[in-house]
Amino acid sequence: MTQILHHLRGQFSHLIVPAGLVAVLLLICAFRSPQLFSAVGAAGAILVSAPLILAAMAITPIAMAGRGGVDLSIGPAIGFINVTIVTWLTSWGFESPVAVFVFAIVVGCIWQILLASMIVFVRVSPIIVSLAGFMILSGVNLVILPRPGGLAPDWLSDWGYGTELFSPVLFVLIAAFVLWFLFQRTAMFQHIRLMGADEKTAYTVGININVVRFAAHLSAGVLTGLAAVCLTGLIGSGDPSQGNTLTLQAITALVLGGTSLAGGRGGVVGSILGAIAMYLIFVVLSSFDFGAISGFMTQMSYGLILVLSLLLTLVATRPKPAAV
Amino acid sequence: MPLVTLKNISKNFGETHALRGANLETRLGEIHAIVGENGSGKSTMAKIISGVIVPDAGSVEVLGVHPKNPNDAIAAGVSTIFQEIMLAEDLTVYENTFAGSDSLWTKKYSVAEKRKITGEILGRLVGEPVNPDAIVRTLPLNIKQWIVIARAILNRPKVLIFDESSAALDLEATNRLHDEMRKLRDDGSCVILVTHRIAELVKITDSATVLRDGETVGRLSKEEITEENILKMMSASSSAEASTQARKVISTEQKPVLFVEGCKVTPDAKPFDFKVHAGEIVGIAGLDGAGQTEFLRQLSCIEAPAAGQVMVCDSSVETHELASLAEAEDAGITYVSGDRKLEGIFPNLSVFENFGVALMDRLTRRSGVIARDLIGAKLDVEMERLAIKLGHKSDKISTLSGGNQQKVLIARAFARSPRVIVLNDPARGVDVGTKQDLYKHLREFASNGGAVVYLSSEIEEFYNFAHRADVFVNKTIFASFKEQDINEDHVLSAMFGRTGHIEFDAQVEATVR
Amino acid sequence: EGLDELPPELAAAYEGVDEGQPVGPSKYRDWTPRSGPPWKIGYASSYAGNTWRAEGMTRLMDVMLPQYKEAGLVSEVKVTQSDLNDARQIQQIRQLVDEGVDAIIICCSNPVALNKAVKYAYDKGVVVFSYSGYLTSDFALNASSNYTDGGYQIAKALIEEVGGKGNFLLVSGIPGAASSESFDTGARRALEEFPDAKLVGQVAGNWTDQVAQTEVQKFLATNPAKIDGIIAQGSQETGILKAVLQSGRDVMPISLAGSAGAACYLKKNPGWISHAFQIWPPGDEMELGFNSVIRTLQNQGPKVQSILRPVYRVEAADYVASLPEDCSIDSTAYIQPGIDIWFDNERAAGYFLRPKDPLE
Amino acid sequence: MDMQRQNPLTAIMSSDHKGIFLGGALLVILFSAGAFLVEGFASSNNIRSILLLAAFLGLAALGQTMVALVGGLDLSIPFVIGASNILLAYLFGTGIPAVFCILIIAVMGLGIGLLNAVLSYRLQGQALIVTLGVGFAVVGAAQIFTTLGSQYSGTVFSEVPKWFATIASINGKTLGLPIPPVVIIWALISGLVVFATNRMRRGREIYAIGGNRTAAARLRISEFRVWLLTYGVSGLMASITGMLLLGFSGGGFAGVGDPYLFTTVAAVVVGGTSLLGGSGGYGATVIGVLVLQVLTSLLVGLGLNYAAQQTVFGLLILPMVAIYARTPHIRMQI
Ligand SMILES: Nc1ncnc2c1ncn2[C@@H]1O[C@H](COP(=O)(O)OP(=O)(O)OP(=O)(O)O)[C@@H](O)[C@H]1O
Ligand SMILES: Nc1ncnc2c1ncn2[C@@H]1O[C@H](COP(=O)(O)OP(=O)(O)OP(=O)(O)O)[C@@H](O)[C@H]1O
Ligand SMILES: [Mg+2]
Ligand SMILES: [Mg+2]
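Written out as structure tokens, the structure is:
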């Protein structure tokens, strides 16, 4: 029994800080911003935080797959799907939900396949591939849609109203969680973990690591597509640069969620908690009125909270074992 | 019908010819050894059989297939334990044991099964229970080695390759490993063994292939496998002049250079004293986990002992405490790690840099500029002395064979001109010729007034070499033998905590009488 | 309804308005807030960090707020800032609504992304007013100059100033922000009218002198061709001027629209350019927006979705008159026409169905 | 086992320095293409402006290179640049002698770097986000500081001393030569840094830590000290860049650093320094900086806008890195 407890603690110790952070922030919200706990408030929260939650989920399997893989291109990739939905897809006359979802997911997957191919076949390190991807797509997005505009299909932009708790956004999120949960139970998921923890071991025990890396990227691609649909629903239009800001936010959520960019620790639950924590940080900060210095105050407090939570992670997770 | 046939294999790494027209043939139900000097191509050959490396020329047939990647080989029934221990350190023991046992999408075993089987098999191999949920990073090297072995034998392979798998194991564990090998052989598998432990070879192999500079120089049958034969074939020049060089007699009247009194390796261990004199070579032995590794680290001030203080005596009068690694280094105590990959080499740097980095603190001009010429000169000397084989000094150290990397590390330690050199199993993975070079070198060092503390997992290493051997049992020095008493019987029974038939006075006077 | 009800001289200001800007009848023609006065007002700003926004903030916090508090109309103004992040601005708007503000002022954002948040506010009885840049939502109100016309007039006057031909550089604001895009649309329209006027480049100055300076410097350094004039959105002409001075080129005409630094150069070099424009004096624009919000809350009934004020052109001598002799090119102040010219009660009355002075 | 004498070309291609050679070759090609395609490209004015902008990027990327050598990334660089920029402008306005103002900001930059070091030393693997958090906090605090009690909001104007502006302005002259002093300063610093990292003890320690921290610890190389050194240099160089940018533009603006977030990383990567630590160096980054800057100038000259430039940068990184910094095949790593 104690062994199982110990095992559980080992498995979930990285979640202590993000879960604690979310709990503390919720508590502050209960005083500062109680509307959050109404159905409408919650609906708004889900609506606004969904793109970030999904983006943070999307980069998790890639981070897990090792080689220091941080997908810097996630933001522009979401932006790319967003601008192409409102420009290309609508101009082709495809506006049905099926078309939009299929398009978003397929484009997300194609992009991730491109990244994975560069990593696997050209053997450029993942962070560099994704940096290049970040630059390429942020340029391409501006070429496709030089300024914010365009209109999302009506059914999609209606999501942005967000007063119903059981909204399509919630269902997309639930679908993503369920998909992830199922994926986590496959052998493939174990292979991704193994490859991320030690690629040489995975290779020598006969796992086809190339296929595994593609699988990690494909799962990221699906989530990228879902994130893009939710972002499009939120802003009801296309915006070539909104996606870009998601990159750093998603990585921050990932790290706040206890995933180490150095590999070996973390998971998608942490990323989700991290994303929720980031949303709540902004809710709490917006509940104060800092007047003329409001933006700067937010920026500074946000930075301080980031550093503090990371320091807490250090305290909460076991100290690193002495090197042999 | 041969199981593994390698014909005329050549493999180049850049300008290095690792194998040139090498051959190998093994059959069912035999234990076959591949022997050769460091860098002679043994591991390369093992990797070719396991599909990791595809040769540039020649034909490979393993169990009827031509493996192009590990998967081909594994599917055909090959399991390999590589020289480097392949483990995902951040995952659990059972995940590592069952790594690769599931197919790409579907699972073959449930987690419960995996944990249960892991517990059973490791319990049997290690000889004590191992928690299947432990994170591998927290385990000692020998357990890690066993996990890899467990993984390899899990699926009852037809061809099983051990590339220096006993190097991290102690004597008793090696015997258990040999039992496993024999069992596999008797079940009709073929075991291919790469080892530098000649005794091991003589004891359990049925046939052997000898490599020299990437070429097969011969195949020996069971009767032909003798130390003499193997050594003769391995190197062109016979370097195996068993050295019976006279050693200096150590005067114990003198103050020891390095000593600890009332040392406790762990808080609940029995305290003991330890000293080493100038000119003395002290061997350290013990079974895995008996505390000798920790002791070595404490002696060289990498960690502090649980009790007791490491003392150094400079210029034979003043003694003072050593409190940190820096102080130990300043006092001339140098540690050579047994884990080359983790705490030895800088894989991204050249051989020159790997060597020079240890000398930067003394061979740096007042301006802060490193004296590369002086370092280069030192390296030349050490390369000559230890017969380090390499292309250019500017080549990355990671392109050297394991044994040669080890030699660079030892050279690095000597170059610091220490007073005491503490070595943690330095000959692990080093070929016989080089071992002799190393002993010679250490003996010279000792006769010039240096002191040597030498941990080894092979008792044979101490014969004709150490002035004294201290045997650890249960985190304390259980027995201490002076040089004429060092032999397999004594040391081995002491390692198991038996006093045997020799009289000795445990811990009363733990130095040479 | 709507535009037709405006007095003709006000309706004229809608000439050439940005296609995206809604000018239909407003949804607030007969609308009362959920409570008050005093009202609580939210200010959801998208960006801070340039002198223009700072100047607007100063007018709001130091001049208007005390006035309106005194009059018992406003209890507090709460400011949030989203750093050009739409999702965050949406969250802040919704949060302000949930916290019970009666009206929300928005500045210079993406014209489409906030629409559903605006609808959310409207349904909860909160009016959303965008100043200096419009929102496309039917439930939002907008108050500013006609920036497309501003861009058109400013560009046209500059091209004419250099003889109707030559190479021109366009310095935009923040790409994607409504007012910036409106201006550029107008400026391009003017350029099309002069076949010999060539647009050789466009850079984004983010309405921030330092950004504009860096961008223009980079442009001038890598474009050896002669530049005959720089068409610039306001609040950055000082930076542009400095870039030109640094480049060592002769100073070509640069459109002036309110920055005191560049105006000072004009004062010291009379004849450099013959006129200037006012399209977005920061304090006055803020006051225009705030004043309109209060009127709407007072059930004065705005006639049209967008309250558009005509562009204001000043002759050089008048423009620099208020500057002291020892003015500095480094000044960050603004020359503003003042609310009496910009949006006095008389002018305001034309846009509302039941006008009265809000402070009375 | 046989080692033949290598011919010079293969020696270069197999050495650690091949990135520098290839980058240098690319630089020559790009420059020739520019001179051929864009009128006035090879003019002294254009070269001067390329060098000037390269100097800013180069100075900012110095710290990024050092940090990358130990396997980290310093995301606080753009924020420290911005904070130093507005704070220096603010200090100039207070009447404190200019030299002191500069010293104060330099010390502040160094301090932030050291803080980054202390925090990320314990939080390795999270260094990316630690530095981002520190960056946000610093720039937020700096803006609050300059905003409170003044009309400024993220921007500060004040009289920049003439001599200071000359250092970083395009018309600046060095000893009568028509080269902005900051370019010369950058060249000197580059030479010094390249020498120090290759030939001096503290420099080699960075590589040792980047290669194998445990092994380095056994050789008494203090990882913490190396961390302090690299992040400290990074903070200091970022603040110096921020101050020079004030000289360049004449007005303080917290956002001046923003373009340096990904471009410093891009310069490091294009140069050929691995982001995983242990290999590469500042010499490579200098080449990377020049390549990026010459390319920008070429693209601007060809009439490409910012968006297209970004795309071309991205497209350039991949083949560059693919040529000289490919990860060895997994087979070769076993
Ligand atoms: N990946 C590689 N890249 C470059 N050279 C290599 C590589 N692997 C092996 N070599 C070289 O090939 C030769 C044979 O190496 P191999 O590892 O097979 O030797 P070995 O017989 O196993 O030696 P040891 O007893 O030291 O383990 C050596 O000279 C080594 O330096
Ligand atoms: N990296 C590590 N992290 C945590 N614990 C460790 C580590 N290395 C060793 N230990 C612990 O220290 C103890 C001794 O380990 P080790 O096997 O090195 O002992 P030893 O007496 O030196 O054995 P050997 O005969 O192999 O040299 C073990 O119980 C192990 O749990
Ligand atoms: Mg080997
Ligand atoms: Mg051991």
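Keeping their order, the protein sequence lines are chains V, F, A and E.
In my numbering, each number is its position in the first sequence, counted from 1, plus 826.
In my numbering, each number is its position in the second sequence, counted from 1, plus 1.
In my numbering, each number is its position in the third sequence, counted from 1, plus 265.
In my numbering, each number is its position in the fourth sequence, counted from 1, plus 844.
Even for Gly, the Cβ is constructed at its ideal location relative to N, Cα and C.
Since the structure is predicted, the reported quantities are computational estimates derived from the model, not experimental observations.
Is the Cβ of V/Leu-811 closer than 7 angstroms to any Cβ of chain E?
The requested residue 811 of chain V is not part of the displayed model; chain V covers only 827 to 1150.
Quick check on A/Trp-304: does DSSP put it in helix, strand or coil?
The residue given as residue 304 of chain A occupies position 39 in the third sequence. DSSP places A/Trp-304 in strand when its eight states are reduced to three.
Going by beta carbon distance, what residues of the same chain come within less than 7 angstroms of V/Gly-1084, once the five residues before and after it are set aside?
Working through the first sequence from its first residue, we reach residue 1084 of chain V at position 258. Only His-840, Leu-841, Val-843, Pro-844, Arg-1091, Gly-1092, Gly-1096, Thr-1139 meet the Cβ criterion.
Tell me whether F/Thr-217, by its Cβ, gets closer than 6 angstroms to a heavy atom of ligand 1.
Residue numbering aside, residue 217 of chain F sits at position 216 when the second sequence is read from its first letter. No, the beta carbon of F/Thr-217 sits no closer than 6 angstroms to any heavy atom of ligand 1.
Does any CB atom of chain A fall closer than 7 angstroms to the CB of V/Val-1150?
Residue mapping note: residue 1150 of chain V aligns to position 324 of the first sequence, counting from 1. Confidence at V/Val-1150 is low in this model, with a pLDDT of 31, below 50, so the placement of that residue should be treated as unreliable; the coordinate-derived value is given next. No, no contact with chain A.
Considering only heavy atoms of ligand 1, does any lie closer than 6 angstroms to the CB of F/Ala-34?
Counted from its first residue, the second sequence places residue 34 of chain F at position 33. No, since every heavy atom of ligand 1 falls outside the 6 angstroms radius drawn around the Cβ of F/Ala-34.
Taking 6 angstroms as the limit between beta carbons, can you name the residues of its chain near V/Ala-930, skipping five residues before and five after?
What you label residue 930 of chain V is simply residue 104 of the first sequence in a count that begins at 1. Within the same chain, V/Ala-930 has close Cβ partners Ile-907, Gly-1051, Ala-1054, Val-1055.
Residue ranges of each beta strand (DSSP E) run of no fewer than 3 residues wholly in the stretch 28 to 76 of chain F, ordered along the chain?
Complete beta strand (DSSP E) runs here, min 3: 32 to 37, 58 to 63.
Are the CB atoms of E/Leu-896 and E/Pro-1025 nearer to each other than 7 angstroms?
Looking up residue 896 of chain E in the fourth sequence gives position 52. Looking up residue 1025 of chain E in the fourth sequence gives position 181. Not in contact: E/Leu-896 and E/Pro-1025 (Cβ atoms no closer than 7 angstroms).
Run through chain A and tell me which residues come within less than 7 angstroms of V/Leu-851, C-beta to C-beta.
For the purposes of this step, residue 851 of chain V is taken as the residue at position 25 of the first sequence. Residues of chain A passing the Cβ test: none, with the nearest at roughly 14 angstroms.
For A/Arg-671, which three-state DSSP category applies?
A question about residue 671 of chain A goes unanswered here, because the residues of chain A that appear run from 266 up to 625.
Tell me the rounded alpha-carbon separation between F/Ala-23 and F/Ser-458.
Counting from 1 along the second sequence, the entry for residue 23 of chain F is found at position 22. Counting from 1 along the second sequence, the entry for residue 458 of chain F is found at position 457. Rounded to the nearest angstrom, the two C-alpha atoms are 31 angstroms apart.
Can you give me the Cβ contacts of F/Gly-450 inside the same chain, cut-off strictly under 7 angstroms, excluding the 5 residues immediately before and after it?
What you label residue 450 of chain F is simply residue 449 of the second sequence in a count that begins at 1. Result list for F/Gly-450: Ala-279, Gly-280, in chain order.
When you check each C-beta in the stretch 898 to 917 of chain V against every C-beta of chain F, which residues fall closer than 7 angstroms?
Per Cβ criterion, the list is empty.
Short of 7 angstroms Cβ to Cβ, which residues in the stretch 499 to 523 of chain A face chain V?
Residues passing the 7 angstroms Cβ filter: none.
Counting only Cβ pairs nearer than 7 angstroms, list the residues of chain F close to E/Met-910.
Here residue 910 of chain E refers to the residue found at position 66 of the fourth sequence. Near E/Met-910 there are no residues of chain F at all, since even the closest Cβ is about 16 angstroms away, more than 7 angstroms.
Flag this pair as yes or no: are the beta carbons of F/Leu-142 and F/Val-131 separated by less than 7 angstroms?
The residue you call residue 142 of chain F lines up with position 141 of the second sequence. The residue you call residue 131 of chain F lines up with position 130 of the second sequence. Cβ distance not < 7 angstroms, so F/Leu-142 and F/Val-131 don't count as in contact.
Can you find a C-beta in chain V that's less than 7 angstroms from the C-beta of E/Leu-1148?
Within the fourth sequence, numbered from 1, the residue matching residue 1148 of chain E stands at position 304. No, no contact with chain V.
Please tell me whether E/Ala-981 and V/Met-1126 are closer than 7 angstroms, where the distance is taken between their beta carbons.
Numbered from 1 along the fourth sequence, position 137 holds the residue referred to as residue 981 of chain E. Numbered from 1 along the first sequence, position 300 holds the residue referred to as residue 1126 of chain V. Yes, Cβ-Cβ distance for E/Ala-981 and V/Met-1126 is below 7 angstroms.
Less than 8 angstroms between C-beta atoms, sequence neighbours within five positions excluded: which residues of the same chain meet that for A/Tyr-417?
The residue labelled residue 417 of chain A in the question sits at position 152 within the third sequence. Once the five neighbours on either side are set aside, the close Cβ partners of A/Tyr-417 are Gly-281, Gly-451, Ala-452, Arg-454, Ala-455.
Quick one: Cα of F/Ser-240 to Cα of F/Glu-38, how far?
By 1-based counting over the second sequence, the position of residue 240 of chain F is 239. By 1-based counting over the second sequence, the position of residue 38 of chain F is 37. Legend: pLDDT at F/Ser-240 = 46, less than 50; position of this residue unreliable, no value from coordinates given.
Taking its Cβ as the centre, do 16 or more other Cβ atoms sit within 10 Å of F/Glu-344, making it buried, or is it exposed?
Position 343 of the second sequence holds residue 344 of chain F. So F/Glu-344 ends up on the buried side.
Taking CB distances under 7 angstroms as the criterion, tell me whether A/Gln-563 reaches chain V.
Mapped onto the third sequence, residue 563 of chain A falls at position 298. Judged by the 7 angstroms Cβ criterion, A/Gln-563 is not in contact with chain V.
Between which two residues does the alpha helix (DSSP H) harbouring V/Ser-1045 extend?
Here residue 1045 of chain V is taken as the residue at index 219 of the first sequence, counted from 1. First-last of the alpha helix (DSSP H) with V/Ser-1045: 1035 to 1061.
For E/Thr-938, count the other beta carbons within 10 Å of its own beta carbon; 16 or more makes it buried, fewer makes it exposed. Which is it?
As a working mapping, residue 938 of chain E is identified with position 94 in the fourth sequence. Exposed, by the Cβ-count rule.
Would you say V/Val-966 faces chain E, with C-beta separation under 7 angstroms as the test?
Counted from its first residue, the first sequence places residue 966 of chain V at position 140. Closer than 7 angstroms: yes.
Apart from the five residues just before and just after V/Ala-871, which ones in its own chain have a Cβ nearer than 8 angstroms to its Cβ?
Counting from 1 along the first sequence, the entry for residue 871 of chain V is found at position 45. Leu-862, Tyr-1105, Val-1109.
Would you be able to state if there are at least three C-beta pairs under 8 angstroms between the stretch 1026 to 1043 of chain V and the stretch 96 to 107 of chain F?
Yes, since at least three Cβ pairs between the stretch 96 to 107 of chain F and the stretch 1026 to 1043 of chain V fall closer than 8 angstroms, the two stretches touch.
In three-state terms, what does DSSP make of F/Arg-213?
Indexing the second sequence from 1 puts residue 213 of chain F at position 212. Strand, per DSSP.
In chain order, what residues of the same chain lie with their CB nearer than 8 angstroms to the CB of E/Leu-1146, ignoring the 5 residues before and after it?
Position 302 of the fourth sequence, counting from 1, holds the residue named residue 1146 of chain E. Within the same chain, E/Leu-1146 has close Cβ partners Leu-881, Val-882.
V/Leu-1136 and E/Val-943 look like a contact to me (Cβ under 8 angstroms); what is the Cβ gap, rounded to whole Å?
Position 310 of the first sequence, counting from 1, holds the residue named residue 1136 of chain V. Position 99 of the fourth sequence, counting from 1, holds the residue named residue 943 of chain E. In fact, because the Cβ distance is near 37 angstroms, the residues do not count as touching under 8 angstroms.
How about A/Ala-442: is its C-beta nearer than 7 angstroms to some C-beta of chain E?
In the third sequence, residue 442 of chain A corresponds to position 177, counting from 1. No, A/Ala-442 does not count as interfacial toward chain E.
Determine, for E/Asn-1015, whether the minimum Cβ-Cβ distance to residues of chain A falls below 7 angstroms.
Taking the first residue of the fourth sequence as 1, we reach residue 1015 of chain E at position 171. Cβ-Cβ to chain A under 7 angstroms: yes for E/Asn-1015.
Chain D partners of A/Lys-483, CB-CB under 9 angstroms?
In the structure shown, chain D does not exist; the protein chains are V, F, A and E.
Opposite F/Asp-471 in the DSSP bridges: which residues?
Here residue 471 of chain F refers to the residue found at position 470 of the second sequence. Paired residue(s): F/Ile-285, F/Ser-481.
Between F/Ala-412, F/Glu-201, F/Arg-183, F/Ser-338, which lies nearest to F/Val-352 when the distance is taken from Cα to Cα?
Walking along the second sequence from the start, residue 352 of chain F turns up at place 351. The candidate whose alpha carbon is nearest that of F/Val-352 is F/Ala-412.
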